[in-house]
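For reference, the structure is listed below as structure tokens.
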Amino acid sequence: MRSPLRSLFACAAAVLLTVVVGGGVAGAQTTGYAPVDQPGPALTVPAAELAKSLRCTADVRNATREPVLLTPATTVDSDQNFGFNYEPLFRKLGVPYCTSDSPADPYNMGDMQVRAQYVTYGIREMHKLAGRRIAVMGHSQGGMIMRWSLRFWPDTRGMVDDVIGMAATNHGSVLVPALCVPNCAPALWQQRADSRFVQALNSGEETFPGISYTEIYSRTDEFVQPNLDDNGTSSLHGGGGTVANIAVQDVCPLAAPEHLLIGTMDPVTSALALDALTHPGPAVPSRVGSSVCKQLLMPGVNPVSGPATFVTLSAQVAAQLTVEAPRVPAEPPLACYVTASCPK
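In this note's numbering, the protein residues as written are -12 to 331.
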């Protein structure tokens, strides 16, 4: 299924074609940032707002299996990203889950440093409710925002067992700058491949011991690029975590999902995510099998209403990227805790 967004992102790709060709993702700086073991700062978002941000199924409390915190992409909220796919699938399979949203920034267009406070709260609260380590799973921005929590709030590392990214912007995208001419939403500035946010996110260590990372991407993603191989923007390297960087084409060579499909209806992505959730360690493509290549939609998606919802969602994403989201002329400054420069 082709998304109406493809033409929008194709224009961005044309603007930056010379940047992408032959591209890998440059390594981030490792100096000038807070040590990876520095205690995280106090959360500044009001407690009442944090409490409103988390919505959980009843079986998260004292969970008998690993529960999942779902974190949505830029331009959408959790209900739009996951309400017609992963939430019904998880309910059917008996997987406990919570969703994390920002009441003051429902479509995740604002400063992602603020968004990360909600995710940090979600990890801590969900771990406390479940009485066990959790998985954090997200799409695009939502596939990498938990890594900001893990990087700058070290206490969360012992609370997370699995990180599952679907088309995550772990190293930004070389196509985003075309959307920022002359200005764009704060979260888009921060998801440029050369942003200060991306450099800070990947400073020190990209992964941490005791955590399994499953990073799922598509070589045909029209928004998060370069993603031609496991040296691309979604993939992780270095640090102490156990990592699997997997292209959907590693399972189904002829698959060609675009960006929005990867996090909403793609059967290969969901099969890999479920494999990671139901086995120790990250996903293993050989356990998925080639039969998934014959499926048009992931389980949990209604074959009639699901595609219609996807079309509506595509229009919402396009509107947020082009006209509806607030725009600023530059990337938000890094918080002082990121560079260990806060006043004593």
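Heads up, the beta-carbon is just placed ideally off N, CA and C, and yes, glycines get one too.
Within 8 Å, strictly: CB atoms of residue i and residue j
i: residue 73; j: residue 307; result: no
i: residue 128; j: residue 303; result: no
i: residue 133; j: residue 58; result: yes
i: residue 166; j: residue 247; result: no
i: residue 199; j: residue 226; result: no
i: residue 144; j: residue 197; result: yes
i: residue 148; j: residue 120; result: yes
i: residue 103; j: residue 321; result: no
i: residue 236; j: residue 254; result: no
i: residue 224; j: residue 192; result: no
Neighbourhood of residue i by C-beta distance below 7 Å, restricted to the same chain and skipping five residues each side
i: residue 19; result: 326
i: residue 8; result: Below a pLDDT of 50, predicted positions are generally treated as unreliable, and residue 8, at 32, falls in that range; no measurement from the model is reported.
i: residue 24; result: 141
i: residue 212; result: 7, 160, 161, 162, 220
i: residue 158; result: 12, 180, 185, 189, 220
Neighbourhood of residue i by C-beta, 6 Å cutoff - its chain only, sequence neighbours within 5 removed
i: residue 232; result: 202, 217, 222
i: residue 329; result: 323
i: residue 243; result: 207
i: residue 331; result: none
Near the ligand GTP: residue i beta-carbon under 7 Å from a heavy atom
i: residue 114; result: Among the ligands in the structure shown, none appear at all, so the ligand GTP cannot be discussed.
Start-to-end residues for the alpha helix (DSSP H) that takes in residue i
i: residue 34; result: 34 to 39
i: residue 246; result: 246 to 249
i: residue 278; result: From DSSP, residue 278 is part of no alpha helix (DSSP H); its letter is neither H nor E.
i: residue 346; result: This structure leaves residue 346 out entirely; the chain is present only between -12 and 331.
i: residue 20; result: No alpha helix (DSSP H) contains residue 20, which DSSP labels as neither H nor E.
i: residue 75; result: 73 to 80
i: residue 293; result: 292 to 306
i: residue 263; result: 254 to 265
i: residue 177; result: 173 to 177
i: residue 66; result: 65 to 69
i: residue 188; result: 183 to 188
Presumed contact (8 Å Cβ cut-off) between residue i and residue j, rounded CB distance
i: residue 153; j: residue 130; result: 5 Å
i: residue 162; j: residue 210; result: 6 Å
i: residue 405; j: residue 234; result: Look at the range of the chain in this structure, -12 to 331, and you will see that residue 405 is not part of it.
i: residue 179; j: residue 169; result: No, residue 179 and residue 169 are not in contact; Cβ-Cβ is about 14 Å, not under 8 Å.
i: residue 287; j: residue 60; result: Not really, about 18 Å apart at Cβ, beyond 8 Å.
i: residue 62; j: residue 113; result: Between residue 113 and residue 62 the Cβ distance is about 24 Å, and since that is not below 8 Å, they are no contact.
i: residue 116; j: residue 52; result: The pair is not a contact, with the Cβ atoms about 14 Å apart (cut-off 8 Å).
i: residue 69; j: residue 86; result: 7 Å
i: residue 27; j: residue 195; result: Not really, about 13 Å apart at Cβ, beyond 8 Å.
i: residue 160; j: residue 220; result: 6 Å
i: residue 37; j: residue 105; result: 6 Å
i: residue 40; j: residue 125; result: Incorrect: roughly 14 Å between the Cβ atoms, too far for contact.
i: residue 279; j: residue 258; result: 5 Å
i: residue 75; j: residue 46; result: 15 Å between Cβ atoms; not a contact.
Best match in the options for proximity to residue i [C-alpha to C-alpha]
i: residue 238; options: 247, 287, 277, 48; result: 277
i: residue 77; options: 106, 122, 34, 274; result: 122
i: residue 29; options: 52, 181, 313, 107; result: 107
i: residue 34; options: 89, 80, 296, 43; result: 89
i: residue 150; options: 160, 136, 159; result: 136
i: residue 206; options: 241, 275, 265; result: 241
i: residue 252; options: 290, 313, 311, 310; result: 290
i: residue 313; options: 245, 91, 331; result: 91
i: residue 71; options: 158, 295, 46, 269; result: 295
i: residue 310; options: 298, 215, 171; result: 171
i: residue 50; options: 316, 156, 118; result: 118
i: residue 64; options: 79, 243, 42; result: 42
i: residue 54; options: 146, 298, 101; result: 146
i: residue 245; options: 316, 155, 315; result: 155
Contacting residues, own chain, Cβ-Cβ under 8 Å from residue i (five flanking each side not counted)
i: residue 271; result: 231, 262
i: residue 318; result: 173, 176, 177, 179, 182, 183, 184
i: residue 14; result: At residue 14, the pLDDT of 45 sits below 50, so the modelled position is not reliable and the matter cannot be decided from this model.
i: residue 266; result: 274
i: residue 269; result: 149, 199, 200, 201, 229, 230, 231, 263
i: residue 22; result: 191, 327
i: residue 316; result: 169, 170
i: residue 293; result: 71, 72, 252, 284
Endpoints, the beta strand (DSSP E) within which residue i is located
i: residue 58; result: 55 to 58
i: residue 204; result: 199 to 204
i: residue 84; result: 84 to 87
i: residue 129; result: Segment 128 to 139 is the alpha helix (DSSP H) holding residue 129; no beta strand (DSSP E) there.
i: residue 232; result: 229 to 234
i: residue 150; result: 147 to 153
Cβ of residue i within 8 Å of any chain C Cβ
i: residue 182; result: No chain C is present in this structure, which holds just one protein chain.
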